[in-house]
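A.B. asks: Following this message is one structure expressed as structure tokens.
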Amino acid sequence: MGSPEFAVPSLDALAAICDVTAVLTQPDRPAGRGRRLHPPPVKERALALGLPVHQPASLRKDAWATEYLSSLAPEVVVVAAYGLLLPPAILALARHGAINVHASLLPRWRGAAPVAHAILAGDAETGATIMLMDAGLDTGPILAQRVLPLSGEIGCGDVTSRLATLGAELLAETLPLWLAGRIQPRTQEDALATYAARLTKADGRLHWEEDGRAIVRRVRAMDPWPGAFSFWSRGRLKVLDAALRPQGPAGLPFGTVWRDSEGPLVASGQGSVLLRRLQAEGGRSLSGPEFLLGHPDLVGQTLTGDG
139 MGSPEFAVPS LDALAAICDV TAVLTQPDRP AGRGRRLHPP PVKERALALG LPVHQPASLR
199 KDAWATEYLS SLAPEVVVVA AYGLLLPPAI LALARHGAIN VHASLLPRWR GAAPVAHAIL
259 AGDAETGATI MLMDAGLDTG PILAQRVLPL SGEIGCGDVT SRLATLGAEL LAETLPLWLA
319 GRIQPRTQED ALATYAARLT KADGRLHWEE DGRAIVRRVR AMDPWPGAFS FWSRGRLKVL
379 DAALRPQGPA GLPFGTVWRD SEGPLVASGQ GSVLLRRLQA EGGRSLSGPE FLLGHPDLVG
439 QTLTGDG
């Protein structure tokens, strides 16, 4: 059970080591300017592998899904970023339970957006967890974990891609051991748990009175969605890449744009933020210096969080 690109390496890992009897993924969704239906990446990969695919809109309301899965008598159910809640009947139908590939070092960052929240918090590391699912939100016992150091230069999209590969490798190592009864599950310490709420478009809004380090982390955490943004005289301004620099000219109000040899910088609550890549509404993604060639009036303006 999985839907986005993150789950594809786990599907490949499973197909290489066991008999995948069915793949469940979310329904096709409209996307793009034409709003045409697009299949989830897991569906595309499953069809390429010749695997049967099913796309129920809900597992709680669709009795067929439970009946069908029960008829397969699976040894184990594997879940990776599926996006639908699994009712107790499905959690219990496999002899070896349901296991999940999660993109954090549980119990830190339970929930829908663990990678973004790890970057936002300035965590030095994240990782992949293989866990035995229960009725709670990412609360089940841990079967295996692997650490991924977090660089200050890498964005959420790249971290997620690395964790997809790491999680798939860990799944391939862990699943045979679990099925053979050679792993003792480890209970999570609930007192250490943190929650990674689902992102909204508003999470990409930049507030220049904040510490520059926090602003740079937000830019990276919001990549590729919802994207970090601010506002200038010509509307919304997307900030695609940024870096922290020492404090600039004294006395500049928060959000004021100035420039040096590297490109445009913005005064923040602590230090200045170098705008390394920008995109104006209706425009192309440009490096900071390229953006200033076409929009020299950016210098001297005050960026704000409100449109």
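Counted the way this note's numbering counts, the sequence shown spans residues 139 to 445. Glycine is no exception: its CB is placed at the ideal position from the N, C-alpha and C atoms. Since we're looking at a predicted model, the values are computed, not measured.
Helix, strand or coil: which one does DSSP assign to Trp-363?
C.D. replies: coil
A.B. asks: Alpha helix (DSSP H) containing His-255: first to last residue?
C.D. replies: 252-258
A.B. asks: Determine whether the beta carbon atoms of Arg-324 and Leu-378 lie at a separation below 9 Å.
C.D. replies: When the beta-carbon positions are compared, Arg-324 and Leu-378 stay at least 9 Å from each other.
A.B. asks: Could you tell me which residues DSSP pairs with Phe-369 in its beta bridges?
C.D. replies: Arg-374 and Thr-442
A.B. asks: Less than 9 Å between the C-beta atoms of Leu-309 and Ser-141, yes or no?
C.D. replies: no
A.B. asks: Going by the DSSP bridge assignment, what does Ile-268 pair with across the sheet?
C.D. replies: Val-239 and Ala-282
A.B. asks: Taking the alpha helix (DSSP H) that Asp-150 falls in, what are its first and last residues?
C.D. replies: 146-155 is the span of the alpha helix (DSSP H), which, as asked, contains Asp-150.
A.B. asks: Under the three-state reduction of DSSP, which class applies to Leu-309: helix, strand or coil?
C.D. replies: helix
A.B. asks: Look at Val-354 and Ala-380 and say whether their C-beta atoms are less than 9 Å apart.
C.D. replies: yes
A.B. asks: For my contact list, Ala-254 and Leu-337 are in at a C-beta cut-off of 8 Å; report their separation, rounded to the angstrom.
C.D. replies: 6 Å
A.B. asks: For the beta strand (DSSP E) containing Trp-396, name the first residue and the last one.
C.D. replies: 395-398
A.B. asks: Rounded to the nearest angstrom, what separates Leu-313 and Leu-243 at their Cα positions?
C.D. replies: Rounded to the nearest angstrom, the two C-alpha atoms are 18 Å apart.
A.B. asks: Just curious, the beta strand (DSSP E) that Thr-418 is in, first and last residue?
C.D. replies: For the sequence presented, residue 418 should be read as Ala rather than Thr. Counting along the chain, the beta strand (DSSP E) containing Ala-418 begins and ends at 410-418.
A.B. asks: Would you call Ile-155 buried or exposed, if buried means 16 or more other Cβ atoms sit within 10 Å of its Cβ?
C.D. replies: Using a 10 angstroms sphere on the CB of Ile-155, the tally of other CB atoms stays under 16, which defines it as exposed.
A.B. asks: With Leu-229 and Met-269 assumed to form a contact (beta carbons below 8 Å), what rounded beta-carbon distance in angstroms separates them?
C.D. replies: In fact, because the Cβ distance is near 12 Å, the residues do not count as touching under 8 Å.
A.B. asks: How many angstroms separate the CA atom of Arg-183 from the CA atom of Pro-225?
C.D. replies: 26 Å
A.B. asks: Can you give me the Cβ contacts of Ser-423 inside the same chain, cut-off strictly under 7 Å, excluding the 5 residues immediately before and after it?
C.D. replies: Leu-378, Arg-415 and Gln-417
A.B. asks: Per DSSP, what are the beta-bridge partners of Arg-248 in this structure?
C.D. replies: Tyr-333
A.B. asks: Could you tell me which of Lys-376, Ala-227 and Val-285 sits nearest to Asp-361, measuring between CA atoms?
C.D. replies: Lys-376
A.B. asks: What is the rounded straight-line gap between the Cα of Leu-223 and the Cα of His-176?
C.D. replies: Between Leu-223 and His-176, the C-alpha separation is close to 22 Å.
A.B. asks: Just the Cα atoms here: how many angstroms apart are Leu-264 and Glu-291?
C.D. replies: Sequence inspection shows Thr at residue 264; the Leu mentioned does not correspond to that position. Spanning the two alpha carbons is a distance of roughly 15 Å.
A.B. asks: By how many angstroms is the C-alpha of Glu-347 removed from the C-alpha of Gly-386?
C.D. replies: About 14 Å.
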